[in-house]
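Chains A, B, C and D supply the protein sequences, listed in that same order.
Just so you know, the first sequence maps onto residues 4 to 96 in our numbering.
Just so you know, the second sequence maps onto residues 4 to 96 in our numbering.
Just so you know, the third sequence maps onto residues 4 to 96 in our numbering.
Just so you know, the fourth sequence maps onto residues 4 to 96 in our numbering.
Beneath this line is the structure, given in structure tokens, with notes to follow.
There are 4 protein chains.
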Amino acid sequence: MRGYAQGKNDYLQRLRRIEGQVRGLQRMVEEDVYCIDVLTQVSAATAALRTVAVSLLDDHLSQCVSGAIEEGGSVADDKLREASEAISRLVRS
Amino acid sequence: MRGYAQGKNDYLQRLRRIEGQVRGLQRMVEEDVYCIDVLTQVSAATAALRTVAVSLLDDHLSQCVSGAIEEGGSVADDKLREASEAISRLVRS
Amino acid sequence: MRGYAQGKNDYLQRLRRIEGQVRGLQRMVEEDVYCIDVLTQVSAATAALRTVAVSLLDDHLSQCVSGAIEEGGSVADDKLREASEAISRLVRS
Amino acid sequence: MRGYAQGKNDYLQRLRRIEGQVRGLQRMVEEDVYCIDVLTQVSAATAALRTVAVSLLDDHLSQCVSGAIEEGGSVADDKLREASEAISRLVRS
Chain A
4 MRGYAQGKND
14 YLQRLRRIEG
24 QVRGLQRMVE
34 EDVYCIDVLT
44 QVSAATAALR
54 TVAVSLLDDH
64 LSQCVSGAIE
74 EGGSVADDKL
84 REASEAISRL
94 VRS
Chain B
4 MRGYAQGKND
14 YLQRLRRIEG
24 QVRGLQRMVE
34 EDVYCIDVLT
44 QVSAATAALR
54 TVAVSLLDDH
64 LSQCVSGAIE
74 EGGSVADDKL
84 REASEAISRL
94 VRS
Chain C
4 MRGYAQGKND
14 YLQRLRRIEG
24 QVRGLQRMVE
34 EDVYCIDVLT
44 QVSAATAALR
54 TVAVSLLDDH
64 LSQCVSGAIE
74 EGGSVADDKL
84 REASEAISRL
94 VRS
Chain D
4 MRGYAQGKND
14 YLQRLRRIEG
24 QVRGLQRMVE
34 EDVYCIDVLT
44 QVSAATAALR
54 TVAVSLLDDH
64 LSQCVSGAIE
74 EGGSVADDKL
84 REASEAISRL
94 VRS
């Protein structure tokens with residue numbers, strides 16, 4: 004069981020929509036759509052991926068990290084360090 | 004002819020790779036892969052989209068905007084304003 | 004006691020350095036320094052602020068949120084929701 | 004004369020306000036203000052710096068880069084390459 008288990012279908016739906024956006028981008032490039040319109044669509048797909056990332060992180064904190072802290076011990080510290088690194092990667096991506 | 008015309012095949016290849024990453028993300032969620040590993044892959048796809056956006060903007064500036072400025076007149080101003088708005092959207096996405 | 008208590012002096016030092024960077028930016032603008040060089044310095048200050056934010060979030064998770072989860076109850080949920088909102092704001096800033 | 008010459012006073016005012024925000028952050032840390040409130044203020048200062056960066060880039064494109072393109076030659080190419088690198092740094096900061 005993962006932190007995102009409860010929202011699994013929702014995540015799959017959002018990822019399929021993002022896949023559609025990226026396929027749409029290929030079509031736009033193939034059809035020589037104006038650069039700025041392609042860029043607007045790239046920004047939309049990027050923002051959608053960011054939203055997925057923030058949701059995954061929320062679920063991870065409230066399920067996995069929270070669970071590890073309740074159990075206590077060194078696992079909790081490891082989970083927190085791991086989550087911090089993921090946040091750092093996310094902020095910089 | 005668009006600013007990205009010369010690199011069209013390269014863009015298509017990069018976008019297909021990103022599409023593959025997003026499909027990979029769906030598989031990861033379906034197979035209950037650990038949240039942090041999903042997140043790492045989301046960050047990778049986001050960074051790849053950003054790189055595409057920066058390249059598209061480069062091409063747009065050096066081709067379309069540059070061409071409009073050489074021609075002069077109000078079109079140049081419009082192109083610059085449009086490019087600025089795209090940069091602003093990109094920075095915030 | 005706050006999550007950042009142990010690193011307080013380090014945070015103050017980093018913030019003073021960022022304050023110095025922002026004052027440096029004013030001097031650059033006053034002395035008509037070349038736009039791109041001003042921009043490079045703005046990016047440096049932004050990156051320094053981001054690093055402070057990620058550290059503060061780390062400390063907050065490993066101290067405050069962690070403590071609330073150990074105690075359990077609705078406070079833990081509130082802390083987690085609050086942290087998620089802060090991450091979301093940070094990612095979008 | 005720089006691209007930001009006309010808005011110089013406005014830039015100085017915005018930078019002084021950001022300096023004030025960063026000094027405010029030091030006071031918050033000294034007075035042990037709650038982490039999340041400090042973080043909110045860090046996000047506000049980061050967003051303000053980003054807005055300054057986007058404005059500087061706008062001015063640079065519409066003044067310096069535009070001027071170089073009108074003059075033509077290799078200087079225009081250099082300016083465009085330089086602007087692209089600044090955008091790339093900005094997006095990643």
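Glycine included, C-beta positions come from ideal geometry on N, C-alpha and C.
8 Å Cβ cutoff, residue i in contact with chain A
{"i": "Ile-21(C)", "result": "no"}
{"i": "Glu-73(C)", "result": "yes"}
Cutoff 8 Å; reference residue i; Cβ partners in own chain excluding five residues on either side
{"i": "Leu-60(D)", "result": "Ala-86, Ala-89, Ile-90 and Leu-93"}
{"i": "Cys-67(C)", "result": "Arg-5, Gly-6 and Lys-82"}
{"i": "Tyr-14(A)", "result": "Tyr-7, Val-55, Ser-58 and Leu-59"}
{"i": "Gln-44(A)", "result": "Gln-24, Gly-27, Leu-28 and Met-31"}
{"i": "Gln-16(C)", "result": "none"}
Min CB distance residue i to chain E below 8 Å
{"i": "Ala-86(A)", "result": "Checking the listed chains, one finds no chain E in this structure; the protein chains it contains are A, B, C and D."}
Sequence-distant residues of its chain with Cβ nearer than 7 Å to residue i (five each side left out)
{"i": "Ile-21(B)", "result": "Ala-48, Ala-51 and Leu-52"}
{"i": "Gly-75(C)", "result": "none"}
{"i": "Leu-64(B)", "result": "Ala-86"}
{"i": "Tyr-37(D)", "result": "none"}
{"i": "Arg-84(A)", "result": "none"}
{"i": "Asn-12(A)", "result": "none"}
Nonlocal neighbours in the same chain, by C-beta distance under 6 Å from residue i, ignoring five residues either side
{"i": "Glu-34(D)", "result": "none"}
Inter-residue CB distance, residue i and residue j (contact presumed, cutoff 8 Å)
{"i": "Gln-29(A)", "j": "Leu-18(B)", "result": "5 Å"}
{"i": "Gly-23(D)", "j": "Asp-62(D)", "result": "Gly-23(D) to Asp-62(D), Cβ: 23 Å. No contact."}
{"i": "Ser-77(A)", "j": "Ala-79(C)", "result": "Rounded, the Cβ-Cβ distance is 20 Å, inconsistent with contact."}
{"i": "Val-25(D)", "j": "Val-25(C)", "result": "6 Å"}
{"i": "Ser-46(A)", "j": "Ser-96(B)", "result": "4 Å"}
{"i": "Ile-39(D)", "j": "Ile-72(B)", "result": "Not a contact, Cβ separation roughly 47 Å."}
Contact with chain D by residue i, beta-carbon distance below 8 Å
{"i": "Ala-8(B)", "result": "no"}
{"i": "Ala-79(C)", "result": "no"}
{"i": "Asp-13(C)", "result": "no"}
Below-8 Å beta-carbon distance, residue i vs any chain C residue
{"i": "Ser-69(D)", "result": "no"}
{"i": "Leu-93(A)", "result": "yes"}
{"i": "Leu-83(D)", "result": "no"}
The ligand NAP heavy atom lying under 7 Å from the CB of residue i
{"i": "Ala-47(C)", "result": "The model on display carries no ligand, and the ligand NAP is accordingly not part of it."}
4 or more residues per run - each alpha helix (DSSP H) lying fully within the region 32-65 of chain D
Taken in chain order, the complete alpha helix (DSSP H) segments of 4 or more residues contained in the region 32-65 of chain D are 38-63.
Under 8 Å (Cβ pairs) to chain D, residues found in the region 38-64 of chain C:
Cβ contacts with chain D: Cys-38, Ile-39, Val-41, Leu-42, Thr-43, Val-45, Ser-46, Ala-47, Ala-48, Thr-49, Ala-50, Leu-52, Arg-53, Val-55, Ala-56, Leu-59, Leu-60, Asp-62 and His-63.
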